[in-house]
Amino acid sequence: MATGTDITRRDFVKAAAMTAAAGCAFHGALASAQEKGERPSQLEDVLVLNPQNRVPLSFIIDDSTCLVNMAHFGIPQFHETFPDGYKQDWKRLPREIPDSFVRKFGQWCHEHKIKGKYSIVPYPACVGWLDRYLPGWSKKELEESIKLVRELMMPDWDIHPEMVSHTRVINTKTGRPYPEPTEWFMENWRWTDGKSVDEIADYMSYALRILKNVGLLCEGITTPGGFGNRVLPELAQATLESCRDVFEAEIPHYFRHLYTDDRSVAPRVEYASGLGGPDPKCVVSIIGCTGDWFGGWDGLTPGSVDRFITEDLKGGRLPQVIDKGEPAILVCHWPGIYFNGEEIGFNIFKEVVKRVHARYDNLVWMKLSEISRYWAAKELTRITRQGRRVAFNAPFATTRFTVQIGSALAPTSDPRITADGQTVQLRRVKLPLQLDSGTWHAGSGCVMVCFDLPKGESSLEV
């Protein structure tokens, strides 16, 4: 996570005890080391807005998996690597985060249209394999837990592997952890240092294939702790390669960065190539905007609603981001949401949702894959204009594509979208916040249009 400087998500929580030992801080210069790749021409008087002219929200859940409480099983492994740190009494933490809580959480979020990312660690803390068995749970319990994620969570949440174990590095040739418990063989710390794109992609693919074996679809990756900190270009390219290889993901994305200072948290579209050909490529870096102010990664540190948004609805981190129009992506850890059965983090999240919607009426909850797709289309679509006709050449399709066209000419009739030989007339709405796919709004000196952008060529007659 990040405050003024950018440090790993786990180190953010454990900074006081572990900053020197973990050595995982990295700087802004590295964070921008990835290449943007190709960019098409666009127009100053045709501005791509947020979807539906709304601000995207999303909720990132880290350290989640089926049944296993990652804090209970992970803390003793972290302590073995760093004997001076991670001294929580892990034995008093529950070994399981039950499916009853997953169901309660997932149903509440679905009722409130919450969307985001939910990690599933494939070999959680080396306890057992999700596509084989989990010692301590029956095969039926494991199968039902995976089914719950597949049926309840997956429609509203992207599923990410948080690498293989989130603790010990696994030898992908043998499937066994390396014997050395040093930071060089822990996923959260130094293993990726000096690794090539192919080596990192092989490791990611190993994790992705386990989730594919149990029917969980993945378009993205979440990095555990400091994974990839010092090899950010390789990390981005490995995400692109592994997600395309295992799942044929059109627009892979990854969560590595989190900023809580004044830096932009807009998604970064990286390594774009082949935009004019049959196989366009890119990878999107999703950036979180909050720390874990819910219940901590171990479920032992109660958080604060006010750090997200204050009771008077004016202060806190979320208004800072939303008022800039950038996606507000909250970040938490699953053990802290459950909070050892007390659900303190979950209750904080409920109040955050209540307050943020009391303050704003221009928000839309989206999965990370939906945000990634929109930003790829936003930045990589070629846009040209001749008079009243605006032409789009999009390497990637997206829904609710929203543009603002500056024009002194009042529309003579409802604007029309033409694609694949079909022309559709759009419906006028009175207010900008009424925009949805297939509608338009006449503003002061401009026209706003919202439509489903197809891949390839399309045009808009204003």
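Per this note's numbering, the sequence shown runs over residues -9 to 452. Glycine included, every Cβ here is placed at the ideal spot set by N, Cα and C.
From residue i to residue j, what does the alpha carbon distance come to, in whole angstroms?
i      : j      : result
VAL346 : PHE49  : 13 Å
LEU120 : CYS56  : 8 Å
ARG379 : ASP442 : 17 Å
ILE428 : ALA366 : This sequence places Gly at residue 428; Ile is not what is there. Cα to Cα, the separation comes out at about 21 Å.
GLY377 : LEU421 : 25 Å
GLN78  : ILE277 : 29 Å
GLU28  : TRP430 : 30 Å
ARG199 : GLU34  : 44 Å
LYS130 : SER90  : 15 Å
ARG234 : SER434 : 44 Å
TYR244 : ARG140 : 20 Å
TRP80  : GLY216 : 22 Å
VAL204 : ILE136 : 7 Å
LYS445 : ARG372 : 11 Å
THR164 : LEU416 : 58 Å
VAL343 : HIS102 : 9 Å
CYS440 : VAL452 : 12 Å
GLY96  : GLY411 : 42 Å
With a 10 Å radius around its C-beta and 16 neighbouring C-beta atoms as the bar for buried, classify residue i as buried or exposed.
i      : result
SER128 : exposed
ALA348 : exposed
PHE386 : buried
MET438 : buried
TYR123 : exposed
PRO114 : buried
SER448 : buried
LEU423 : exposed
GLU332 : exposed
GLU238 : exposed
PRO309 : buried
Give me, in chain order, the residues of the same chain whose beta-carbon lies closer than 7 Å to that of residue i; leave out the 5 immediate sequence neighbours on both sides.
i      : result
TRP174 : ARG180 and TRP181
GLU224 : LYS185, SER186, VAL187 and ILE190
GLY13  : Reliability of the predicted coordinates at GLY13 is poor, the pLDDT of 29 falling under 50, and no value is obtained from them.
ARG307 : THR250, CYS279, THR280, ARG297 and PHE298
THR388 : ARG363, TYR364, ALA367 and LEU443
THR476 : Because the chain spans -9 through 452 in this model, residue 476 falls outside it and cannot be assessed.
GLN227 : VAL187 and TYR261
HIS100 : ASP146
To the nearest whole angstrom, what separates the beta carbons of residue i and residue j, a pair I think is in contact under 8 Å?
i      : j      : result
PRO30  : HIS62  : Contact flag wrong, Cβ pair sits at about 50 Å.
VAL159 : ALA197 : Not quite, the Cβ-Cβ distance comes to about 12 Å (not below 8 Å), so this is no contact.
CYS436 : ILE407 : Not confirmed; about 18 Å, so no contact.
ARG459 : SER275 : Given that the chain is displayed from residue -9 to residue 452, the structure contains no residue 459 and the question cannot be resolved.
VAL255 : ILE319 : 7 Å
ASN528 : LEU450 : Nothing in the structure corresponds to residue 528, since the chain is present only between -9 and 452.
GLN24  : TYR261 : 7 Å
LEU248 : VAL321 : 6 Å
LEU142 : ARG93  : 6 Å
Which partner residues does residue i have in the DSSP bridge list?
i      : result
ALA381 : THR374 and SER449
THR182 : Paired residues: none, contrary to the question.
ARG29  : Paired residues: none, contrary to the question.
HIS459 : Since the first residue shown for the chain is -9 and the last is 452, residue 459 is missing from the structure and cannot be characterised.
GLU453 : Lying before the first or after the last residue shown, residue 453 is absent from the chain, which here runs from -9 to 452.
ASN161 : ARG166
THR429 : ARG417 and CYS440
PHE49  : GLY106 and LEU320
ASP148 : LYS107
VAL342 : BP columns for VAL342 are empty, so no partner.
TYR123 : TRP119
ALA262 : GLY27
Looking at the ligand FAD, does it come within less than 6 Å of residue i, judged from the CB to the closest heavy atom?
i     : result
ASP79 : Looking for the ligand FAD in the displayed structure turns up nothing, as the structure carries no ligands at all.
Once the 5 residues before and after residue i are set aside, which same chain residues still bring their CB inside 8 Å of it?
i      : result
GLY293 : ASP282, TRP283, PHE284, GLY285, GLY286, GLY326, ILE334, GLY335 and ILE338
PRO151 : SER109, ILE110, VAL111, PRO112, MET194, ALA197, LEU198, ILE200, LEU201, CYS208, ILE211 and THR212
LYS357 : SER48, LYS105, GLY106, LYS107, ASP146, TRP147 and ASP148
TYR168 : ARG158, VAL159, ILE160, ASN161 and PHE175
Could you name the residues of the same chain whose beta carbon sits closer than 6 Å to that of residue i, not counting the 5 residues immediately before and after it, in chain order?
i      : result
HIS323 : ASP52, ASP53, ASP282 and TRP287
GLN67  : THR157
PRO125 : GLY118
LEU20  : In this prediction, LEU20 has a pLDDT of 44, which is less than 50 and means its spatial position is unreliable; nothing more can be read from the coordinates.
GLY264 : PRO270 and LYS271
ILE87  : ASN59 and TYR328
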